[in-house]
Each structure stands twice: as C-alpha cells, then as structure tokens.
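So the protein lines, in turn, are chains A and B. Take the first sequence: its position 291, counting from 1, is numbered 291 in the numbering used here, and each next residue is one higher. Positions in the second sequence are counted from 1; adding 367 to them yields the numbering used here. Below you'll find the structure, written out as structure tokens, and then a few comments.
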Amino acid sequence: MNKSVREPLFHLVKRDGLVWWKSWIVRLVAVVLSLLVSGILIFALTGENPINVYITMFKAGFATRRRFWALLQNVAMLLCVALAVTPAFKMRFWNIGAEGQALVGGLATAFCMVYFGDKLPSGLLLLVIFLSSMLAGALWAVIPAIFKATYGTNETLFTLMMNYVAAQIVSYFTYVHSNPKGSGQMGVINKATQAGWLPKIEGNNYLLNILIVLVITVFVYVYLSKTKHGYEISVVGQSENTARYIGIDVSKVIIRTLLISGALCGICGFLLVSGTDHTLTRDTIAGRGFTAIIVSWMAKFNPIYMVVVSFLICFLQKGAVDIASTYGFNDALAEIITGIIIFFIIGSEFFIGYKIRLTHHTKGGKN
Amino acid sequence: MSVPAIELRGITKTFGQVIANKNVDLVVNRGEILSILGENGSGKTTLMNMISGIYYPDSGQILIDGKEVVIRSPRDAFQYKIGMIHQHFKLVDVFTAAENVILGMENEKYNLKEAADHVRKICDQYGFELDPEKKIYAMSVSEKQTVEIIKVLYRGADILILDEPTAVLTPQETDKLFAVLRRMRDAGKSVIIITHKLHEVMSLSDKVAVLRKGEYIGTVKTSETTEADLTEMMVGKKVSLNIDRSDPNHPQDRLEVKGIDLVSPEGIRILDDISFTARGGEILGIAGVAGSGQKELLEAIAGLQPLSGGEILYNNPKTGETENLRNKTPLEIRELGVRLSFVPEDRLGMGLVGNMDIIDNMMLRSYKKGRGIFVRKQEPRELADTIIKDLEVNTPSATTPVRRLSGGNVQKVLVGREIAARPTVLMAAYPVRGLDINSSYTIYNLLNDQKDLGAAVIFVGEDLDVLMELCDRIMVICAGRITGIVDGRSAKKEELGLLMTGKEAEDE
Chain A
1 MNKSVREPLF HLVKRDGLVW WKSWIVRLVA VVLSLLVSGI LIFALTGENP
51 INVYITMFKA GFATRRRFWA LLQNVAMLLC VALAVTPAFK MRFWNIGAEG
101 QALVGGLATA FCMVYFGDKL PSGLLLLVIF LSSMLAGALW AVIPAIFKAT
151 YGTNETLFTL MMNYVAAQIV SYFTYVHSNP KGSGQMGVIN KATQAGWLPK
201 IEGNNYLLNI LIVLVITVFV YVYLSKTKHG YEISVVGQSE NTARYIGIDV
251 SKVIIRTLLI SGALCGICGF LLVSGTDHTL TRDTIAGRGF TAIIVSWMAK
301 FNPIYMVVVS FLICFLQKGA VDIASTYGFN DALAEIITGI IIFFIIGSEF
351 FIGYKIRLTH HTKGGKN
Chain B
368 MSVPAIELRG ITKTFGQVIA NKNVDLVVNR GEILSILGEN GSGKTTLMNM
418 ISGIYYPDSG QILIDGKEVV IRSPRDAFQY KIGMIHQHFK LVDVFTAAEN
468 VILGMENEKY NLKEAADHVR KICDQYGFEL DPEKKIYAMS VSEKQTVEII
518 KVLYRGADIL ILDEPTAVLT PQETDKLFAV LRRMRDAGKS VIIITHKLHE
568 VMSLSDKVAV LRKGEYIGTV KTSETTEADL TEMMVGKKVS LNIDRSDPNH
618 PQDRLEVKGI DLVSPEGIRI LDDISFTARG GEILGIAGVA GSGQKELLEA
668 IAGLQPLSGG EILYNNPKTG ETENLRNKTP LEIRELGVRL SFVPEDRLGM
718 GLVGNMDIID NMMLRSYKKG RGIFVRKQEP RELADTIIKD LEVNTPSATT
768 PVRRLSGGNV QKVLVGREIA ARPTVLMAAY PVRGLDINSS YTIYNLLNDQ
818 KDLGAAVIFV GEDLDVLMEL CDRIMVICAG RITGIVDGRS AKKEELGLLM
868 TGKEAEDE
C-alpha cells in the first residue's frame, strides 16, 4: 500500500435496521456509560463516592411510599403534555406552545373555581371545569393552526409567542384575584369548601390524576394507530403532497388535530390546578410544555414508550434535586448529571442508525 | 496510450447491506469518450460520485496520471482537474452565466469582465452558444447545462463526467451537445458520460464500460459491439425489446379537455389553451422536453391544480352522463363515480408514503371505506398480497416500508394499487423512469392490459422510441402548448423532435 496517501481514519456506514433487542442493549449500554462518566465527574469535582451519590438519587424517587406517589404524579403530568403534543408532532406541526395551552387550561380551571365555586353542585362544577379547560387549551392551539392552514404562517414562532400571551393573562388574573389582596398570589382556591377540587380516592391525592392520564394514554395510542383520523395525521405528516393526491383536506386535518392536541394540554392544566396545586401561578406548568417535546421525540411518538421516557426524566430530575441538597452540591451539578444521561441516551440513537468503520480494517479486501 | 488519465482499481462502496459498487476497475485515456452503461440502480452515479469527491470508497484505489490519489471532497477533485456535471443543475438563478462560473473560486480576483471574456473564449473553442451576461432564470434547460459544462472547463478540468446529460434535452439539442463533446475529445480531454440509452452510447463513445447491480461486467470498444450485445451485458440475459401494440379496442371519447389554462402562483403560464380528447381503449402518449407542463397537465386532470380557464369533461361509460371535473378535488371526483387512477411522477413523494409499509400504502385509496372511526386493514392486506404475488414484487414482506424497495418494485406497488381500482381513465407520468428493462416491460404490459380492458390510458414518456412503439396517438407539448398530435404508428422521430422544440405541425 502506498503510504504517502492520507486517508480518513474512519467513516460512517448506515445500518439496515437493528433487531429490537440489540437496539435496547445499545440504549442500556448508553445509560451505564453515562452513569460512569457522571461518576467520574462527581468524584473529580466533589470527591464524593459516586455510588453513594447514586444511591441518594435512587432513594429520592423510591425510598418512601409518599415519594413514590409524588414521582408517579410528576410522571403523569409530564406524560399528559407529551401525549398532547404528539398528534401535532406526528403531523409535522411544530407545536412548541404546549406550555401556554396547558396554562390557559389551568386558567380556565381557576376561573371556574373562583366564579362558580359556590354556585354549582360539585359534580356539575367539575364537569364544567373539565370542559372549559379543554376548550381553553383547544382555543389556544387552534389559533396558530388556523393561521397556518389559511395563510401558511410559521407555527413554531406563533405557538411560542402564544405562551407569553398566556403567561401575561395569568399574571393579570392572579393579581386581580390575589389572596391576601395585593400579594400577587392566589393562594389556595376555595380552601374551606374545596369546591372544584378533584376528589381523593381512598385518601390518595394523586391516584385520580394518574388514572385520568392512563385513560388519555390509551386514547392517544388508539387514536393515532387505529383510526381514520390517525391515518390521515400520518399521511399529512409524512407527505403533504400524498395527502392532497388522495384527497385529504390538509387544512381540515391540521385544524382538527390541533383542537385535540390543545384540548389534551388543557386537561393537563386542569389536573395541575384542580387535582394537584389548587392554585394558579404563571409557573404552574413548570416547563413541562417543553420537556414534553423531548419525551415525545425520544419515544418516537409512541405513547407506550412515552410512559417509560417520562418516568426516566422525572426520576432523574427528582434525583438530581435531592443529591444537590443532600451533598450541598451546586444546583448546576445536578443538572449537568441529568444532561449527561440524556445526552448519552439520545446519542445512542445515532449508533442504532449507523456504525463506524475504521478505514484500515476494510483495506484487507474483505467486505 | 502510455499512462491513463484516470484509473480505478477494485473500487467498492456499500450503503448498509446494499452493495452499490463491487470491485470496479476502470481505465480512461486522454482524448477518449467513455460511456458508463447500466440500468438504474447499477451504481453508475455512485461510482462517478467517488471520483468527484462526493462519496469516499470503502476500499480500492483511484489513480490519476498513474499516481494514487485520495479524493475526499469536490475541492480535491478540482485539484486533480476532475469536473462533474450533475443531473440536477447547481446554479444560482438570479446570477448571470459568468457570475455562476466564477462563483466559489477563491484564489482569483473577482473580475466579471475578464471572466466573461474567458467564457467566450471557451465557447469559441468548443462551439458552445452562450451569452455570459444572460441570467440563469431566463435560460432554457440546455443553456443551463452549457453553463455547468463551462463552469468545470473554466476551472481547468481535463476529465469531465456528465451524469445523464441528455435526459433533459430534445434530439436536436442532444446532437449539438455530442458535437461539443467530440471536440473536447479531439482537444485531448477525457470525457465520461453516464447513460442508459443504447443508441447514444453507440453514436458517441469510443469505449463502453458496463455495470450490472454494482458489479463491473467489462469494457468493450464501441466499434466492436452491437446494441444487442450491450443489452445482454447490462441485463445479464437476452431480452427481446418489443412491445405488443394491439389495435384500439372500440375507442370512445372518455375525457375531453377543452382549452385549459394554468398559471402558477408566481404568475408564469404553465398550461396554455390545452385541448385534446383521450379515448377509452387506446393509449395517448404525451411527449415533450421535461418541464413543458406534462406534470401539471396530469395533476390538473386529477384535481390537484386549480385552473384559470377551460373545462375537463368526463363521459361516464356506465351512466352515459357527462361531468365537468374542472376544479373538483380528488375526493369530489371519486364521489362522482369517476374511476380516475393516477401514477404520478413523484412516486415516493406523492403516489406513496415511503415510511409506510405496503399495506398502509394500499390503504391510501381506500382508508375511508366502511362506517365508523376505525380503519379496516383486512382488504388492504389482501390487496397487498395479491399485488406482491401477481406483479412479482420483490419484498421481504407486506409490512416492509416501501422506501426500502428498489425503484422497480416501488413502481409495481404503485401501479398495482392504481390498477386495482379498475380505472376508466389511467394516467401515468414517466412510469418507467429509473426502472430496469424487465420491470419496464412489465409496466408497458400492464398499461396495454388496461387499454384492452377499455380504459383511456394517458402515458407521459421521455423515450421517443418507447412512445412510438407503445402509443396509438402521441401528443407533443412544448412550453405548455400543444404543438401537435400525431399517429403513433406512423410518427417519425425527427418530426416529434421538431414539435418538441415548439415548431407547430403545419397541417393538423
């Protein structure tokens, strides 16, 4: 071989698709590697034993019943938004306004609790709250959808800006209804009567929330994979030209899908205000609208995988907060660890799709 | 012939499990035109992309003037005086020819006047006709191609690679291009031309290298071979290149297109007063240079292009009623009971969804069937199995995403689905583009079957020889206008070529 020739050290070769269990091994290896790298980082920066740190992290989610239920509640809330954005994403409609859509759902909930709390019987009140939260979320999502369908506006910017509008309206609402007056905070709504609160099941605060999200999971799964609407969403997302070719009314599908997507976001706002916090602030959704995008993508728009991914992310977040406080770490370190783990998991997808081939290996002439 | 201008030794390139090139050897001398012949998917373009620095080979060597070189980017390729003219032009529309030519040349002073003079000199030397000051958007396809060729000559290329250069040209333009290429050869340059058209190979090149399914079959001297021998090398077995054309089966007017006009959103007139009649039981061919409005015409009939004028009348053979299809959506057309099938040019971007499997693609036409909100998969599943069996679709299973299938199999799936609807009008745009010879003949036979069953078949083709063998009548369009409708049995190639360039038939 002529050695004067410079050759690239390696190049990438596309895989033809891996067997499912092999791809899960790749993902598992990625998690192990990420824990190893984070461990080295923890030891280098703080001198703590990484194993102890990981045990603390694990305990954050699993040590007590109460913690475990709190973790499940968080998983359910994140999962709810992730499920909500999925129909839109599957249609290639980049809805990054889930935060705002969920927030107006929460706003509608708080509004009904304040104004109808002492006027309607509790069953009817809950129904009114539920429907108005869905309506509010749907409205917030359908505005950009209508503009996209009729004028071809960019939905990414539009939905993003709707978030700020929602946050400002909520700020105004909480200021007007602040308790005590002038504090800017609403406090617990209907503390004495508990009117419009989602009921406990057998003394468990979160069980009903979780069950509702489970129902939504099944609904989204069936809707996307078994119905005519779901099929239309796939076709529009894959190729708008094909959709037109077979006579799908693309505008109609966009608007219809965003109504559903927004309504599901609205339900999340309802669950957070009526079922969890019993108050409303502009941070009620706490960034779930954006984290949900990661969940939806990492799960490849599959509602069942989304359960797993939501669980992983919530567990990591909770664990990161706990190790930060237990060991007196800076908050940033906890986030770095979460970041490293997610980076490795997303990165592993690359190795599922491609393999790296060293150049001199193939020079021997074998294929 | 001492040292070859370029030599390839044992070049191999794979994509996943697909072997695009396997152990290819190739020699091109100075002052020589080499044709790379092979069916679509045989790895011709991949091989040339490795010479021009777009792909990097998995193994093997490239030698320029006898010295081994590594070409990692198009910039490296230019350094070795290799220039490639791609099938799809890479020009900036709002720039002039001269501006495009010097675009991206870093180590040269930006002097448009000198560049334009240099371009004129190159034109004179090789016999191009080009105005360096003309903007690209005002140019014809053939002029744009000239700019691409001058671009690489300007950079001093000694080895020119042209990827299917005649696909977008009329017969007359092709002759002009070939004259230019011969002059380059006489000036000592090496020319490599990728093609799958046999008569071009025979008339132009000195040598032919044949690839089949990525494998290098051999190189022969053009003077020592025949078209039949080359076909055999290309396909691997003897094939008969005949289409059985039956007589029209009780032709009756099925689709009457009357004076339709189409203006694009940019205000460009794409279809200009198009009128013709498609009859049941015959094949109407549409010929024309690519981009003359063929695609839009079929899409307009299928309800995908809003028209600004004219009528599309459909005579329903069952009810005897006449419907106007103008500006109806595809869904409305189907609800009228019009069995209109359409095989669009863009198979995976319009006719099928690449990421969906064969069953889901069968459902595209029928998913709305049945009551209720759920889709039914039973019928599409059966249809998929039937098509796979009857048309011999080569696929691992009915649940394989169609983008994984080869071009010929993709087309069988699409044509199979469209034919399954028992169409009374069947439109097909470039249905054999990219297909191997055997698949092409399968498609021709399917179209002929539909004709015999009484469907009005409209076939947009690019190969004039095929159009003349297959069609009962051939309609020629140029720049959105009909320039003539001729009988398929008596048509002459020269006549069609003239019509394609816009010279209208004198006696119609």
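Quick reminder that beta carbons are idealized off the backbone N, C-alpha and C, glycines included.
Nearest-angstrom Cβ-Cβ length linking residue i and residue j, presumed shorter than 8 Å
i                      : j                      : result
residue 696 of chain B : residue 152 of chain A : About 19 Å separates the two Cβ atoms, so there is no contact after all.
residue 98 of chain A  : residue 81 of chain A  : 5 Å
residue 535 of chain B : residue 508 of chain B : 5 Å
residue 628 of chain B : residue 675 of chain B : 5 Å
residue 38 of chain A  : residue 341 of chain A : 7 Å
residue 295 of chain A : residue 310 of chain A : 5 Å
residue 276 of chain A : residue 209 of chain A : 7 Å
residue 500 of chain B : residue 465 of chain B : 7 Å
residue 125 of chain A : residue 196 of chain A : 5 Å
residue 665 of chain B : residue 709 of chain B : 7 Å
residue 654 of chain B : residue 841 of chain B : 6 Å
C-beta atoms of residue i and residue j nearer than 8 Å
i                      : j                      : result
residue 319 of chain A : residue 57 of chain A  : yes
residue 146 of chain A : residue 255 of chain A : yes
residue 425 of chain B : residue 463 of chain B : no
residue 824 of chain B : residue 571 of chain B : no
residue 352 of chain A : residue 18 of chain A  : yes
residue 420 of chain B : residue 438 of chain B : yes
residue 552 of chain B : residue 398 of chain B : yes
residue 562 of chain B : residue 375 of chain B : no
residue 395 of chain B : residue 559 of chain B : yes
residue 726 of chain B : residue 227 of chain A : no
residue 716 of chain B : residue 781 of chain B : no
residue 418 of chain B : residue 530 of chain B : no
residue 141 of chain A : residue 280 of chain A : no
residue 413 of chain B : residue 388 of chain B : yes
Cutoff 8 Å: residue i Cβ touching any chain B Cβ
i                      : result
residue 244 of chain A : yes
residue 239 of chain A : yes
residue 353 of chain A : no
residue 235 of chain A : yes
residue 177 of chain A : no
Short CB-CB distance (under 8 Å) between residue i and chain A
i                      : result
residue 519 of chain B : no
residue 380 of chain B : no
residue 732 of chain B : yes
residue 735 of chain B : yes
residue 340 of chain B : Because chain B in this structure spans residues 368 to 875, residue 340 of chain B falls outside the shown range and cannot be described.
residue 441 of chain B : no
residue 691 of chain B : no
residue 716 of chain B : yes
residue 834 of chain B : no
residue 417 of chain B : no
residue 698 of chain B : yes
Counted within 10 angstroms of its Cβ, other Cβ atoms place residue i as buried (16 or more) or exposed
i                      : result
residue 115 of chain A : exposed
residue 350 of chain A : exposed
residue 545 of chain B : buried
residue 244 of chain A : buried
residue 191 of chain A : exposed
residue 322 of chain A : buried
residue 12 of chain A  : exposed
residue 779 of chain B : buried
residue 749 of chain B : exposed
Enclosing alpha helix (DSSP H) for residue i [first to last residue]
i                      : result
residue 644 of chain B : Not the alpha helix (DSSP H): residue 644 of chain B falls in the beta strand (DSSP E), residues 636-647.
residue 820 of chain B : From DSSP, residue 820 of chain B is part of no alpha helix (DSSP H); its letter is neither H nor E.
residue 860 of chain B : 860-867
Residue span of the beta strand (DSSP E) that contains residue i, given as start and end
i                      : result
residue 458 of chain B : Counting along the chain, residue 458 of chain B falls outside any beta strand (DSSP E), and DSSP gives it neither H nor E.
residue 205 of chain A : Unbroken run through residue 205 of chain A: none, as it is neither H nor E.
residue 838 of chain B : No beta strand (DSSP E) contains residue 838 of chain B, which DSSP labels as neither H nor E.
residue 63 of chain A  : That residue, residue 63 of chain A, is in no beta strand (DSSP E); it is neither H nor E in DSSP.
residue 253 of chain A : Unbroken run through residue 253 of chain A is the alpha helix (DSSP H), 250-272; no beta strand (DSSP E).
Residue i CB to nearest heavy atom of the ligand FMN below 7 Å
i                     : result
residue 97 of chain A : Absence of the ligand FMN from the depicted structure is noted, as is the absence of any ligand whatsoever, leaving it without description.
Residue i: contacting residues in chain D (beta-carbon distance under 8 Å)
i                      : result
residue 713 of chain B : Included in the structure are the protein chains A and B, with no chain D among them.
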